[in-house]
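Asker: Here the protein sequences line up with chains R and S, keeping their order.
Heads up: the first sequence begins at 1 in the numbering used here, then just goes up one per residue.
Heads up: the second sequence begins at 345 in the numbering used here, then just goes up one per residue.
Cβ coordinates follow ideal geometry from the N, Cα and C atoms, glycine included.
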Amino acid sequence: MRPLSIGDAVSSTDEVDDTGYVCPMILPKPRGNLSEWVFHRLRSVTDEPRPWSGAPIPGATEDEDAAIALWALHELSYGGFEDVSEHAEQDLAAQATRTHLERELEQRLRSRWVGRPVEPVEVPAAIDELVAGDDGPSLAAFVHRRADRDQVLELLRQRSVYHLKEADPTTWVVPRLPTRAKAALMELQFDEYGDGDPNRLHSHLFACGLEAVGLRAEYGAYIDDALPEVLEMNNALSMFGLRRRLRGAAVGHLAAFEATSSLPSRRMVQGLERLDFVEPMVRYYSEHVEADAVHEQLAARDICGTLAADEPAQAQEVLFGAFTCLDLEARFARAMFTAWGVEP
Amino acid sequence: MSAEQFEHPDVVLCPDGPMLLRGVDSVQDADGTVHAVDRPVVAVCRCLKSSRLPWCDGTHKVIPRGHS
Numbered sequence: 001m002r003p004l005s006i007g008d009a010v011s012s013t014d015e016v017d018d019t020g021y022v023c024p025m026i027l028p029k030p031r032g033n034l035s036e037w038v039f040h041r042l043r044s045v046t047d048e049p050r051p052w053s054g055a056p057i058p059g060a061t062e063d064e065d066a067a068i069a070l071w072a073l074h075e076l077s078y079g080g081f082e083d084v085s086e087h088a089e090q091d092l093a094a095q096a097t098r099t100h101l102e103r104e105l106e107q108r109l110r111s112r113w114v115g116r117p118v119e120p121v122e123v124p125a126a127i128d129e130l131v132a133g134d135d136g137p138s139l140a141a142f143v144h145r146r147a148d149r150d151q152v153l154e155l156l157r158q159r160s161v162y163h164l165k166e167a168d169p170t171t172w173v174v175p176r177l178p179t180r181a182k183a184a185l186m187e188l189q190f191d192e193y194g195d196g197d198p199n200r201l202h203s204h205l206f207a208c209g210l211e212a213v214g215l216r217a218e219y220g221a222y223i224d225d226a227l228p229e230v231l232e233m234n235n236a237l238s239m240f241g242l243r244r245r246l247r248g249a250a251v252g253h254l255a256a257f258e259a260t261s262s263l264p265s266r267r268m269v270q271g272l273e274r275l276d277f278v279e280p281m282v283r284y285y286s287e288h289v290e291a292d293a294v295h296e297q298l299a300a301r302d303i304c305g306t307l308a309a310d311e312p313a314q315a316q317e318v319l320f321g322a323f324t325c326l327d328l329e330a331r332f333a334r335a336m337f338t339a340w341g342v343e344p
Numbered sequence: 345m346s347a348e349q350f351e352h353p354d355v356v357l358c359p360d361g362p363m364l365l366r367g368v369d370s371v372q373d374a375d376g377t378v379h380a381v382d383r384p385v386v387a388v389c390r391c392l393k394s395s396r397l398p399w400c401d402g403t404h405k406v407i408p409r410g411h412s
């Protein structure tokens, strides 16, 4: 694992134009042969469709090589890259590589999960049970009582990979849900997106917080420092959101995420106040105490419960997604504690 | 079931959890203070252990069931 270092405290104002438009990011640094090959291919895409021979995809040098490649391939469907043509999303080699890497990721995630049969009607209770039984180490508890300022800044940089596009991966799922689950997911997402007020958009609240504490707020600013566990977490979320087949896992992930947010967010607030962090950063977590107390109820019952009732085959998938959320967070927390050399 | 009419109550009592209120503009707490609501659904604390009364903050989950 690379040593953690505190990023340059750079204002992002020089990268925002007069309209407030944040310039798109450039491709991250490759982390091995595979990502080198993928990024080279992406940079060479033009508006002329290019055939692809189906030549073997290079093997990954290590896990994070595959993870950064898949992360970049998914980003083509979000904000894209300044140094890559918008046509790259449809490039045959990009699509084949993404499918290949997603298959590996999905197999790995499923191999970690021990499912058990569940009746659709039991799904909300089964989610509650998974969450109640979660014994992963808590980063929020560490921030609450023990973390120093630099450790919190490092955590914020790692979290920024997701929080700056918070809720977006789950929005892909909306058209794939039956009526009740669709309405409930929109009710939740509307709140994630600020209830119509751009200033209250959750990802925007996080960006304001980052800027206020002297960190870079533009999307993807810290991707080159992202731990492999952060990349895996983000890739799982994007894969669940982008593939219709995985819609149950996507909303199960959402339910577990929301159900493990209110109380930890409160501890984050207390930790940030202990360390005299400025109000905009505290506000992001403070907003999540109340919002996610609502969202967890909507997610478990109105979204996951009704999806399982309408499409019984999705019941297991919902629990797979919920488990994966908790498992990936635990892996990330352990990686952070290891990097800091502290006991959870 | 495509044209079924669904239940969509404005007040929902969550098992061992908060009360959800849909589409309200304000809530008066036990002290008489009126709190503005700026989201489509709010969760009102029922265990009375929340640090943010009248709103739920998830504390009910760490209270043993039956003692709330």
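State the DSSP-derived secondary structure class of Arg-159/R, mapped to helix, strand or coil.
Answerer: Arg-159/R: helix per DSSP, three-state reduction.
Asker: Does DSSP put Trp-37/R in a helix, in a strand, or in coil?
Answerer: helix
Asker: Closest by CA to Val-378/S, which one among Gln-349/S, Val-406/S, Val-385/S and Pro-398/S?
Answerer: Pro-398/S
Asker: Which residue marks the beginning of the beta strand (DSSP E) containing Val-355/S, and which one marks its end?
Answerer: 355-357
Asker: Please classify Phe-81/R: is it buried, with 16 or more other beta-carbons within 10 angstroms of its beta-carbon, or exposed?
Answerer: buried
Asker: Can you list, in chain order, the residues of its chain whose CB lies under 6 Å from that of Ser-35/R, leaving out five sequence neighbours each side?
Answerer: Asp-65, Ile-68 and Ala-69
Asker: How far does the alpha helix (DSSP H) with Gln-349/S in it extend, from its first residue to its last?
Answerer: Secondary structure note for Gln-349/S: it is in no alpha helix (DSSP H), with a DSSP letter that is neither H nor E.
Asker: Counting contacts by CB-CB distance shorter than 7 Å, is Ser-160/R in contact with chain S?
Answerer: Contact with chain S is absent for Ser-160/R, since none of that chain's Cβ atoms lies less than 7 Å from the residue's Cβ.
Asker: Name the residues in the stretch 359-384 of chain S whose C-beta lies less than 8 Å from a C-beta of chain R; which are they?
Answerer: Gly-361, Pro-362, Leu-364, Asp-382, Arg-383 and Pro-384
Asker: Note down the Cα distance separating Leu-237/R from Thr-61/R, rounded to an integer number of angstroms.
Answerer: 23 Å
Asker: Would a check of beta-carbon distances place Asp-401/S closer than 7 Å to chain R?
Answerer: Taking 7 Å as the threshold, the shortest C-beta distance from Asp-401/S to chain R falls below it.
Asker: Report back the beta-carbon spacing between Leu-205/R and Tyr-193/R to the nearest angstrom; my notes put them in contact at under 8 Å.
Answerer: About 11 Å separates the two Cβ atoms, so there is no contact after all.
Asker: What does Trp-399/S pair with, by DSSP beta-bridge criteria?
Answerer: Val-388/S
Asker: Spell out whether any CB of chain S is found under 7 Å from the CB atom of Asp-191/R.
Answerer: yes
Asker: I'd like to know whether the C-beta of Asp-168/R is nearer than 7 Å to at least one C-beta of chain S.
Answerer: no
Asker: Can you tell me whether Ala-94/R is helix, strand or coil according to DSSP?
Answerer: Correct three-state label for Ala-94/R: helix.
Asker: Whose C-beta lies closer than 6 Å to the C-beta of Gly-209/R among residues of the same chain, with five residues either side of it excluded?
Answerer: Pro-280, Met-281 and Tyr-284
Asker: Mind pulling the chain R residues with CB within less than 7 Å of Val-386/S?
Answerer: Val-294
Asker: Hey, could you find the ends of the alpha helix (DSSP H) Ala-259/R is sitting in?
Answerer: 247-259
Asker: So with CB distances below 8 Å, who are the chain S contacts of Arg-180/R?
Answerer: Phe-350
Asker: To which residues of the same chain is Val-355/S closer than 8 Å at the C-beta, ignoring the five residues directly before and after it?
Answerer: Met-363, Leu-364, Leu-365 and Arg-366
Asker: Using 7 Å as the threshold, is the C-beta distance between Arg-244/R and Arg-176/R below it?
Answerer: Taking a C-beta distance under 7 Å as the contact criterion, Arg-244/R and Arg-176/R qualify as a contact pair.
Asker: Can you tell which of Leu-246/R, Leu-263/R, Thr-260/R and Leu-42/R has the C-alpha that lies nearest to the C-alpha of Glu-75/R?
Answerer: Leu-42/R
Asker: Check whether the Cβ atoms of Leu-326/R and Ala-255/R sit closer than 7 Å, and answer yes or no.
Answerer: no
Asker: Can you check which of these residues, Arg-266/R, His-295/R and Leu-328/R, is closest to Ser-432/S by C-alpha distance?
Answerer: Since the first residue of chain S shown is 345 and the last is 412, residue 432/S is not available in this structure.
Asker: Looking at C-beta atoms only, is the number of pairs between the stretch 131-143 of chain R and the stretch 316-326 of chain R that lie closer than 8 Å three or more?
Answerer: yes
Asker: Measuring straight from C-alpha to C-alpha, what distance separates Asp-369/S and Glu-166/R?
Answerer: 26 Å
Asker: Is there a C-beta anywhere in chain S that falls below 7 Å from the one on Arg-110/R?
Answerer: Not an interface residue.
Asker: Can you round the beta-carbon distance between Ala-369/R and Leu-319/R to whole angstroms, since I take them to be within the 8 Å contact cut?
Answerer: The question about residue 369/R has no answer, for chain R in this structure spans 1 to 344.
Asker: Looking only at its own chain, which residues have a Cβ that is under 7 Å from the Cβ of Val-118/R, when we skip the five neighbours before and after it?
Answerer: Once the five neighbours on either side are set aside, the close Cβ partners of Val-118/R are Ala-126, Ala-315, Gln-316 and Leu-319.
Asker: When you compare each of Pro-344/R, Ile-223/R and Thr-338/R to Lys-29/R by their alpha carbons, which one comes out closest?
Answerer: Ile-223/R
Asker: Flag Leu-177/R as yes if its beta-carbon sits less than 7 Å from any beta-carbon of chain S, otherwise no.
Answerer: So no, Leu-177/R is outside the interface.
Asker: Using a Cβ cut-off of 7 Å (strictly closer), state whether Ser-203/R contacts chain S.
Answerer: no
Asker: In the stretch 242-270 of chain R, which residues sit with their C-beta less than 7 Å from some C-beta in chain S, listed in chain order?
Answerer: So the list reads Ser-262, Leu-263 and Arg-266, given in the order they occur along the chain.
Asker: For Thr-338/R and Gln-372/S, I'd like the C-alpha separation in whole angstroms.
Answerer: 47 Å
Asker: Curious, which full-length alpha helix (DSSP H) runs of at least 4 residues does the stretch 134-206 of chain R contain?
Answerer: 139-145, 149-163, 168-171 and 179-192
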